[in-house]
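Novice: Sharing a structure here in structure tokens format.
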Amino acid sequence: MLALIPLFPLLGFVVNATMGRRLPKALSGGLASLVMVASFVVSVISVWQLASLAPEARGTQLPEVVYTWFASGDLTVDLGFRLDQLSAVMILVVTGIGALIHIYSTAYMHDETDGEFARYFSYLNLFAFFMLVLVLGSSFPVLFVGWEGVGLCSYLLIGFWYRKKSANDAGKKAFIVNRIGDYAFLLGMFAIFAQFGTLDFQSVASAVAALPKETGFGILSISTLLLFIGATGKSAQIPLYTWLPDAMEGPTPVSALIHAATMVTAGVYMIGRNAVLFSHAPATMLTVAIIGALTALMAGTIGLVQNDIKRVLAYSTVSQLGYMFLAMGMGAFGAGIFHLYTHAFFKALLFLGSGAVIHALHGEQDIRNMGGLRKELPVTFWTFLIGAIAIAGLPPLAGFFSKDEILFETWMAGHWILWTIGVITALLTAIYMFRLVFLTFWGERAHGQLVPTHGQDAGTVLSDRGGSHGHAAGGSHLHDAPPAMALALIVLAIGSVAAGWIGWPHAIGGNNALHSWLQPAFEAPARAGAAEVAEAAREAGGEAAANVALERTLMLVSTTIAALGIFIAWRIWVKRRIIADRFAETYPGLYRLLLNKYYVDEFYDSAVVQPIKVGSTEGLWRAFDVNLIDGAVNGVASIVSSSASGLRRLQSGSVRTYAGSLFVGVIVILGYYLWR
Amino acid sequence: MIPLGHYLVLSAVLFSIGAAGVFLRRNLITILLSIEIMLNAVNLSFVAFGRAAGDLDGQIIVFFVMTVAAAEAAVGLALVIALFRHKESLNPDAFTSLKW
Numbered sequence: 040m041l042a043l044i045p046l047f048p049l050l051g052f053v054v055n056a057t058m059g060r061r062l063p064k065a066l067s068g069g070l071a072s073l074v075m076v077a078s079f080v081v082s083v084i085s086v087w088q089l090a091s092l093a094p095e096a097r098g099t100q101l102p103e104v105v106y107t108w109f110a111s112g113d114l115t116v117d118l119g120f121r122l123d124q125l126s127a128v129m130i131l132v133v134t135g136i137g138a139l140i141h142i143y144s145t146a147y148m149h150d151e152t153d154g155e156f157a158r159y160f161s162y163l164n165l166f167a168f169f170m171l172v173l174v175l176g177s178s179f180p181v182l183f184v185g186w187e188g189v190g191l192c193s194y195l196l197i198g199f200w201y202r203k204k205s206a207n208d209a210g211k212k213a214f215i216v217n218r219i220g221d222y223a224f225l226l227g228m229f230a231i232f233a234q235f236g237t238l239d240f241q242s243v244a245s246a247v248a249a250l251p252k253e254t255g256f257g258i259l260s261i262s263t264l265l266l267f268i269g270a271t272g273k274s275a276q277i278p279l280y281t282w283l284p285d286a287m288e289g290p291t292p293v294s295a296l297i298h299a300a301t302m303v304t305a306g307v308y309m310i311g312r313n314a315v316l317f318s319h320a321p322a323t324m325l326t327v328a329i330i331g332a333l334t335a336l337m338a339g340t341i342g343l344v345q346n347d348i349k350r351v352l353a354y355s356t357v358s359q360l361g362y363m364f365l366a367m368g369m370g371a372f373g374a375g376i377f378h379l380y381t382h383a384f385f386k387a388l389l390f391l392g393s394g395a396v397i398h399a400l401h402g403e404q405d406i407r408n409m410g411g412l413r414k415e416l417p418v419t420f421w422t423f424l425i426g427a428i429a430i431a432g433l434p435p436l437a438g439f440f441s442k443d444e445i446l447f448e449t450w451m452a453g454h455w456i457l458w459t460i461g462v463i464t465a466l467l468t469a470i471y472m473f474r475l476v477f478l479t480f481w482g483e484r485a486h487g488q489l490v491p492t493h494g495q496d497a498g499t500v501l502s503d504r505g506g507s508h509g510h511a512a513g514g515s516h517l518h519d520a521p522p523a524m525a526l527a528l529i530v531l532a533i534g535s536v537a538a539g540w541i542g543w544p545h546a547i548g549g550n551n552a553l554h555s556w557l558q559p560a561f562e563a564p565a566r567a568g569a570a571e572v573a574e575a576a577r578e579a580g581g582e583a584a585a586n587v588a589l590e591r592t593l594m595l596v597s598t599t600i601a602a603l604g605i606f607i608a609w610r611i612w613v614k615r616r617i618i619a620d621r622f623a624e625t626y627p628g629l630y631r632l633l634l635n636k637y638y639v640d641e642f643y644d645s646a647v648v649q650p651i652k653v654g655s656t657e658g659l660w661r662a663f664d665v666n667l668i669d670g671a672v673n674g675v676a677s678i679v680s681s682s683a684s685g686l687r688r689l690q691s692g693s694v695r696t697y698a699g700s701l702f703v704g705v706i707v708i709l710g711y712y713l714w715r
Numbered sequence: 006m007i008p009l010g011h012y013l014v015l016s017a018v019l020f021s022i023g024a025a026g027v028f029l030r031r032n033l034i035t036i037l038l039s040i041e042i043m044l045n046a047v048n049l050s051f052v053a054f055g056r057a058a059g060d061l062d063g064q065i066i067v068f069f070v071m072t073v074a075a076a077e078a079a080v081g082l083a084l085v086i087a088l089f090r091h092k093e094s095l096n097p098d099a100f101t102s103l104k105w
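As given, the protein sequences belong to chains H and E, one line each in that order. In terms of the numbering used here, the first sequence has 213 at position 174, counting the first letter as 1, and numbering is strictly consecutive. In terms of the numbering used here, the second sequence has 61 at position 56, counting the first letter as 1, and numbering is strictly consecutive.
Okay, here's the thing in structure tokens:
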């Protein structure tokens, strides 16, 4: 039953990849969407089965072994799936939001040729397959298959418009940066196997639970740190986040599905999946939290000044992922996964909304060339606004609950510096999101091309169709999202409003159902340390009661912050647009620093890429290859040829010389035997 | 009865004369004759050994050598005639075009 969940998208991939070229768009797109819906239905049924297990059986899972993948000595790895509370949340997000984005894509990608259209959907289905393997896998190797697979699909989809050089470059960048993380992830896996002799998540958790918390920096810290480096690659954290903003070269629905809602959260999921392991390595946990907070702040500041609508959202994604890692590092795994889940709704919504804007404007992506779209694109505007409010964190929309829980947990852990960073980031989030909203939907359409656009999207790349439309043809009538796109937008908007309600905190009369639902997934299997867990739960309960007042205060703070951010954005970009420009003129250095993303790409280029390039060109190619390798090959040849040109003198053609040498040879051989 | 050593010394002397002829003479026919001397020196030592050992093996081998030598002489002389027709010379040093 569980195997069906990833198998449906795989089926869609196989059909679209093998004969999609010959299918009409309605059929290939319809099939791709249908398999996702089917997968979603199976997921719902499976989660229902899990939820209806007896209450005392909570913490048990639905395991399923498909077959033994490989067995070698002590190591046996099954291709096994396991549905627990954490996977349940993930498969619902992946299949649910995935299905919506498939449906949206059928309209968005409609300008492509049949073959390209089918290729797009085959990649998208393949991605869903790998992502589901990732979240359902019961051991590290199975997770790693999905981990690598989604990286591959990400590469394929970023470079979907492969005739565009920037798209190709972005795809390669994503792949290579991810590989760096994957390498560390593999090392982490090896370290864990060396230590515990098993790669099954549950067995590792049981083994770790029996150990005391690691003080200092031991094997647990090393292995978890390596795993975390893998997560920074996949989930775009410092120092490996640079690929994600460039990934916006792909089609917008891809950005929504892969580079916002699902794949980039894989790192967060992986830490949640190994919650027991990570919480036994406090050194790593602190690193995770600090990296998360720094990433959140840094990406938030960059997001303030970017002018490409998708890039702003990309930095916003990086920033929100930082929040999730902050929560994970604080040990608030439930809060992190909660934010992952709500973020999937509103960020997918925002990306799809930006896609609708880009679609309507025939490929325009620069927000300086937008404006006044409020009346012309009502569906897009209202849904986008809901998404923006949700991410800014105004109650009772989804983002408020999850972000607030993270900030509360950070405060409770006593890390007030990290908490301050979190609050500043929340302010920044509200400002840059509403800057986006105000510049795009308020004010007047910018007439004439103020800024030349380089970014093109919405299928105008592979043909000159875009040219005949002309970008943003003055004040002409624009088409709002077509039905398939509107459907996805509206469903996601509803989700962005309501998704947070299942985590309604105790402090304001809720029961935080998600938190208690997820709790068993973060604990070692009941056999090991059951008493300890129960005690911790009691402790947590007691604490919670005492902190109602504090939690309410913090909620008030974050709500105020969000409202303040929106107000600032309104003052600057609606009331007095001049302020922003004046600010940029007053602090040109700061502005350029932010606009150029802290020069991190340039730094990596000069610190890593160029040395490797120079080392390869000068050292490996010109010195080693040319001199040593080629020298060895050519040297052997010239030795043979020079000695041969000496030896061939023996071939004199004179019979008597031959006879003489025969004679001498016989004498020598006989002499040797006689005198031996 | 003549001892074996005498036969062998004679054989060695004959062989050396033949070998010297092969190396030193500059006439192809003389060289062929020198080869015949070398072969007969060997035949002599075979026969001597056969006699000393008291069996017929040595003599049988000599018969083989004589047949081969006859064949060799036929082919060799034919070659000499062909070479002479080619270069009007019997000096082996004239035939050195087959080299590097």
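Built from N, CA and C at the ideal position, the CB exists for glycine as well. What you are looking at is a predicted structure, and each value in this text was computed from that prediction instead of being measured.
Which residues in the same chain as Glu187 of chain H place their Cβ atom closer than 7 angstroms to its Cβ, once the five residues preceding and following it in sequence are excluded?
Specialist: If we look at Glu187 of chain H and ignore the five residues flanking it on each side, its Cβ neighbours are Asp221.
Novice: Just checking: is the beta-carbon of Gln14 of chain H within a distance shorter than 9 angstroms of some beta-carbon in chain E?
Specialist: Shown here, chain H extends from 40 to 715; a query on residue 14 of chain H therefore has no answer.
Novice: If we count the other Cβ atoms within 10 Å of its Cβ and call it buried at 16 or more, is Gly59 of chain E buried or exposed?
Specialist: By the neighbour-count rule (16 or more Cβ atoms within 10 Å), Gly59 of chain E is not buried but exposed.
Novice: State the CB to CB distance for the pair Ile376 of chain H and Leu43 of chain H, rounded to an integer number of angstroms; the pair is presumed to be in contact (CB under 8 angstroms).
Specialist: That belief does not hold up - the Cβ atoms of Ile376 of chain H and Leu43 of chain H are roughly 24 angstroms apart, past 8 angstroms.
Novice: In terms of residues, what are the limits of the alpha helix (DSSP H) holding Arg60 of chain H?
Specialist: Where Arg60 of chain H is concerned, there is no enclosing alpha helix (DSSP H), given that its DSSP letter is neither H nor E.
Novice: Beta-carbon separation of Thr419 of chain H and Gly539 of chain H under 9 angstroms?
Specialist: Not closer than 9 angstroms, so no.
Novice: Can you tell me whether DSSP reads Ala452 of chain H as helix, strand or coil?
Specialist: Reduced to three states, the DSSP call for Ala452 of chain H is coil.
Novice: Could you compute how far the alpha carbon of Ile22 of chain E sits from the alpha carbon of Ala99 of chain E?
Specialist: In a straight line, the C-alpha of Ile22 of chain E is about 24 angstroms away from that of Ala99 of chain E.
Novice: Please classify Thr254 of chain H: does DSSP put it in a helix, a strand, or coil?
Specialist: It is coil, neither helix nor strand.
Novice: Could you give the DSSP three-state label for Val672 of chain H: helix, strand or coil?
Specialist: Of the three classes helix, strand and coil, the one that applies to Val672 of chain H here is helix, per DSSP.
Novice: Kindly list the residues whose CB is nearer than 7 angstroms to the CB of Met13 of chain E, restricted to its own chain and excluding five residues on each side of it in sequence; keep chain order.
Specialist: Residue identity differs from the one stated: residue 13 of chain E is Leu in this sequence, not Met. Hits under 7 angstroms: Ser50, Ala53.
Novice: Does DSSP put Glu41 of chain E in a helix, a strand or coil?
Specialist: Three-state result, Glu41 of chain E: helix.
Novice: On the premise that Phe47 of chain H lies in contact with Ala77 of chain H, defined as a C-beta separation below 8 angstroms, what is that separation, rounded to the nearest angstrom?
Specialist: Going by Cβ atoms, the distance from Ala77 of chain H to Phe47 of chain H rounds to 5 angstroms, so yes, they are a contact pair.
Novice: Just mark Tyr471 of chain H as buried or exposed, buried being the case when its beta carbon has 16 or more other beta carbons within 10 Å.
Specialist: It counts as buried.
Novice: Would you report the Cα separation of Ile348 of chain H and Ile406 of chain H, rounded to the nearest angstrom?
Specialist: So the alpha carbons of these two residues sit roughly 6 angstroms apart.
Novice: Could you give the distance in angstroms between the alpha-carbon of Ser677 of chain H and the alpha-carbon of Met71 of chain E?
Specialist: Ser677 of chain H and Met71 of chain E: Cα-Cα distance of roughly 50 angstroms.
Novice: When the Cα of Phe20 of chain E is compared with those of H:Ile445, H:Phe702, H:Val707, which residue comes out closest?
Specialist: For Phe20 of chain E, the nearest C-alpha among the options comes from H:Phe702.
Novice: Just to confirm my understanding: we take Leu526 of chain H, look at its own chain, exclude 5 residues before and 5 after, and list those with CB closer than 7 angstroms. What are they?
Specialist: Ile142, listed in sequence order.
Novice: Taking C-alpha atoms, which residue in H:Glu483, H:Leu713, H:Gly654, H:Ser682 lies nearest to Trp612 of chain H?
Specialist: Nearest of H:Glu483, H:Leu713, H:Gly654, H:Ser682 to Trp612 of chain H, Cα basis: H:Glu483.
Novice: Using CA coordinates, which residue listed in H:Thr145, H:Val128, H:Glu103 is at the minimum distance from Leu557 of chain H?
Specialist: Among H:Thr145, H:Val128, H:Glu103, the Cα nearest to that of Leu557 of chain H is on H:Val128.
Novice: Give the secondary structure of Pro102 of chain H by DSSP, where H, G and I count as helix, E and B as strand, and everything else as coil.
Specialist: Strand.
Novice: Closest to Ala339 of chain H by CA distance: which of H:Ile277, H:Glu641, H:Val315, H:Ser294 is it?
Specialist: Note that residue 339 of chain H corresponds to Gly in the displayed sequence, not to Ala. Answer by Cα proximity: H:Ile277.
Novice: Pick out whichever of H:Phe168, H:Ala246, H:Phe622 has its Cα sitting closest to the Cα of Phe52 of chain H.
Specialist: Minimum Cα distance to Phe52 of chain H is reached at H:Phe168.
Novice: Along chain E, which residues have their Cβ under 8 angstroms away from the Cβ of Gly699 of chain H?
Specialist: Those are Phe28, listed as they occur along chain E.
Novice: Give the DSSP-derived three-state secondary structure of Leu19 of chain E in the structure shown.
Specialist: Residue state, collapsed to three classes: helix.
Novice: Can you tell me the Cα-Cα spacing of Gly548 of chain H and Phe440 of chain H, whole angstroms?
Specialist: Those two C-alpha atoms are separated by around 13 angstroms.
Novice: Specify, as a first and last residue, the run of the beta strand (DSSP E) that Asp117 of chain H falls within.
Specialist: Segment 114–122, the beta strand (DSSP E) holding Asp117 of chain H.
Novice: Measuring only the C-alpha atoms, how far is Ser262 of chain H from Val181 of chain H?
Specialist: Cα-Cα distance, rounded: 18 angstroms.
Novice: In the DSSP assignment, what residue or residues form a beta bridge with Thr301 of chain H?
Specialist: Its beta-bridge partners do not exist; DSSP assigns none.
Novice: Is DSSP giving Phe372 of chain H helix, strand or coil here?
Specialist: Looking at Phe372 of chain H - three-state DSSP - the assignment turns out to be helix.
Novice: Please list the partners that Ser693 of chain H has in chain E, where partner means a Cβ-to-Cβ separation under 9 angstroms.
Specialist: Those within 9 angstroms of Ser693 of chain H in chain E are Pro97, Asp98, Phe100, Thr101, Lys104.
Novice: Output needed in chain order: residues of the segment 7–39 of chain E with a Cβ under 7 angstroms from some Cβ in chain H.
Specialist: Answer set for the segment 7–39 of chain E: Ala24, Val27, Phe28.
Novice: Please confirm if the segment 224–234 of chain H is in contact with the segment 248–267 of chain H, defined as three or more CB-CB distances below 8 angstroms between the two stretches.
Specialist: Flag = yes, the segment 224–234 of chain H and the segment 248–267 of chain H touch.
Novice: Could you name the residues of the same chain whose beta carbon sits closer than 7 angstroms to that of Lys212 of chain H, not counting the 5 residues immediately before and after it, in chain order?
Specialist: Excluding residues within five positions, the ones whose Cβ falls inside 7 angstroms are Trp282, Asp285.
Novice: Closer than 8 angstroms, Cβ to any Cβ of chain E: which residues of the segment 656–678 of chain H, in chain order?
Specialist: Cβ contacts with chain E come from no residue of the segment 656–678 of chain H.
Novice: Would you list the one or two residues that DSSP bridges to Gly176 of chain H?
Specialist: Looking at the DSSP assignment, Gly176 of chain H forms a beta bridge with H:Phe120.
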